[in-house]
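K.L.:
Pasting in a structure now, in structure tokens, and then I'll have a few things to ask.
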Amino acid sequence: MLFPVSGVKTNILLPPLIAMVISFFTSMAGISGAFLLLPFQMSVLNYTAPSVSGTNHVFNIFAIPSGVYRYIKEGRMAWPLTWVIIAGTLPGVFLGFHVRVLYLPDPKAFKFFVGCVLLYIGSRLLKEFIGKGKIKPSAAKALEKKFKQQQSSRLTAGIPSHAVVKTKHISLKKIEYEFWGEIFSFNPIVVFILSFVVGIIGGAYGIGGGAIIAPFCISLLHLPAYTIAGATLMGTFMTSIAGALFYSIPLIVNNTSSMPDWPLGILFGIGGFAGMYIGARLQKFVPQQLIKIVLGLIIIFLSIRYILQFFAFF
Numbered sequence: 268m269l270f271p272v273s274g275v276k277t278n279i280l281l282p283p284l285i286a287m288v289i290s291f292f293t294s295m296a297g298i299s300g301a302f303l304l305l306p307f308q309m310s311v312l313n314y315t316a317p318s319v320s321g322t323n324h325v326f327n328i329f330a331i332p333s334g335v336y337r338y339i340k341e342g343r344m345a346w347p348l349t350w351v352i353i354a355g356t357l358p359g360v361f362l363g364f365h366v367r368v369l370y371l372p373d374p375k376a377f378k379f380f381v382g383c384v385l386l387y388i389g390s391r392l393l394k395e396f397i398g399k400g401k402i403k404p405s406a407a408k409a410l411e412k413k414f415k416q417q418q419s420s421r422l423t424a425g426i427p428s429h430a431v432v433k434t435k436h437i438s439l440k441k442i443e444y445e446f447w448g449e450i451f452s453f454n455p456i457v458v459f460i461l462s463f464v465v466g467i468i469g470g471a472y473g474i475g476g477g478a479i480i481a482p483f484c485i486s487l488l489h490l491p492a493y494t495i496a497g498a499t500l501m502g503t504f505m506t507s508i509a510g511a512l513f514y515s516i517p518l519i520v521n522n523t524s525s526m527p528d529w530p531l532g533i534l535f536g537i538g539g540f541a542g543m544y545i546g547a548r549l550q551k552f553v554p555q556q557l558i559k560i561v562l563g564l565i566i567i568f569l570s571i572r573y574i575l576q577f578f579a580f581f
């Protein structure tokens, strides 16, 4: 099948199949999978125009709702964290759009940019496994202990149904919530500033920003992946709506259109919709350590490949 906007010619079943497999694993960590779809589109489908970022936003719009629905239904949506992320990333996406179209139209330069972003994401996911000497907060240690006890009690045991997110305190300096009997907190101002910067990067990269915020929340804020996955996916969904609209503005730079390929993006989204629903549904049964290690290794590999391509070594 030929997609006129992007010029991509591929089997109609390939995009949804790839998106479903990727989203199944990434949705468990609160990531839509757009950050892996971008290299696939650029390297395999040879889709390197600026509009590829907008097409990724289209994928997010159609894929994410199923995963968000599961996290809301199971009571694992941290709403205060969600709104802080959205408030910070939305204005950043607009700036990111201009950075991508006006300053990064060359595929070679954009691949280097992609490599740097992927290197950051991968290092954040793997840092907690490499830095064994780092002491984890008591709440995080207690939660991990409960997970292990729950898994050892029954072969198919996961998170119990009564383990839901409950907001305890909200202020400009601190937000607290309870999950499975443990209290977790974060500074909303810090998350807001980070989200704004990430919004700029995510807007240019076509991922909405959640893929960068998720490892930050897990590694630096020590929030459990089981509670931040829904929040980061929802933040990515909202910012992707804005991103898709920005990229849909008729704008041509260096004879290259920024208009996203909606049919291709929707096709990816159909596969992502199925993958995210299944991934979010099974997240509580899968060891998150294994998921983060696999994702981290894949991302590091892709980042090194793109950075070396920029210097003509690969």
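Here the sequence shown is numbered in my numbering, starting from 268 and rising by one per residue. Glycine residues also receive a C-beta, built at the ideal position from the N, C-alpha and C atoms.
Are the region 342-360 and the region 434-447 in contact at 8 Å, needing three or more beta carbon pairs?
P.N.:
Output reads yes: the region 434-447 touches the region 342-360.
K.L.:
Can you look up residue 278 in the DSSP assignment and give me helix, strand or coil?
P.N.:
Coil, per DSSP.
K.L.:
Rank 320, 273, 286 and 359 by C-alpha distance to the C-alpha of residue 539 and give the top, closest one.
P.N.:
For the residues 320, 273, 286 and 359, the minimum Cα distance to residue 539 belongs to 286.
K.L.:
What's the gap between the Cα of residue 464 and the Cα of residue 353?
P.N.:
Their backbone Cα atoms lie some 12 Å apart in a straight line.
K.L.:
To the nearest whole angstrom, what separates the beta carbons of residue 432 and residue 494, a pair I think is in contact under 8 Å?
P.N.:
Right, their Cβ atoms sit about 5 Å apart.
K.L.:
Which residues bound the alpha helix (DSSP H) around residue 322?
P.N.:
Run containing residue 322: 318-340, per the alpha helix (DSSP H) assignment.
K.L.:
Below 8 Å on the Cβ atoms is my contact criterion, and I expect residue 304 with residue 289 to pass it. Report the Cβ-Cβ distance as a whole number of Å.
P.N.:
Yes, they are in contact, since the Cβ atoms of residue 304 and residue 289 sit about 6 Å apart, within 8 Å.
K.L.:
Quick check on DSSP: helix, strand or coil for residue 436?
P.N.:
Of the three classes helix, strand and coil, the one that applies to residue 436 here is strand, per DSSP.
K.L.:
Given that a residue counts as buried once 16 or more other Cβ atoms are within 10 Å of its Cβ, and exposed if not, what is residue 573?
P.N.:
Classification of residue 573: buried, given that the 10 Å Cβ count is 16 or more.
K.L.:
Counting pairs of beta carbons, one from the region 500-511 and one from the region 321-332, are three or more of them closer than 8 Å?
P.N.:
Result yes; three or more Cβ-Cβ pairs closer than 8 Å.
K.L.:
Pull the bridge partners of residue 514 from the DSSP assignment, please.
P.N.:
Paired residues: none, contrary to the question.
K.L.:
Would you identify the three-state DSSP class for residue 578, choosing helix, strand or coil?
P.N.:
Reduced to three states, the DSSP call for residue 578 is coil.
K.L.:
Grouping DSSP H, G and I as helix and E and B as strand, with all else coil, what is residue 486?
P.N.:
If DSSP states are grouped into helix, strand and coil, residue 486 belongs with the helices.
K.L.:
Just tell me which of 544, 551, 577 and 507 has its CA closest to the CA of residue 302.
P.N.:
The candidate whose alpha carbon is nearest that of residue 302 is 507.
K.L.:
Is it right to say residue 491 is buried, meaning 16 or more other beta carbons lie within 10 angstroms of its own, or is it exposed?
P.N.:
Under this definition residue 491 is a buried residue.
K.L.:
Since residue 444 sits in a beta bridge, which residues does DSSP pair it with?
P.N.:
DSSP, once it has assigned bridges, lists 434 and 451 as partnering residue 444.
K.L.:
Is residue 312 helix, strand or coil when you go by DSSP?
P.N.:
It is coil, neither helix nor strand.
K.L.:
Quick one: what's got a C-beta closer than 6 Å to residue 534's C-beta in the same chain, skipping five residues either side?
P.N.:
Correct list, in chain order: 282 and 283.
K.L.:
Starting from residue 429, trace the alpha helix (DSSP H) in both directions and tell me its first and last residue.
P.N.:
Run containing residue 429: none; DSSP gives neither H nor E here.
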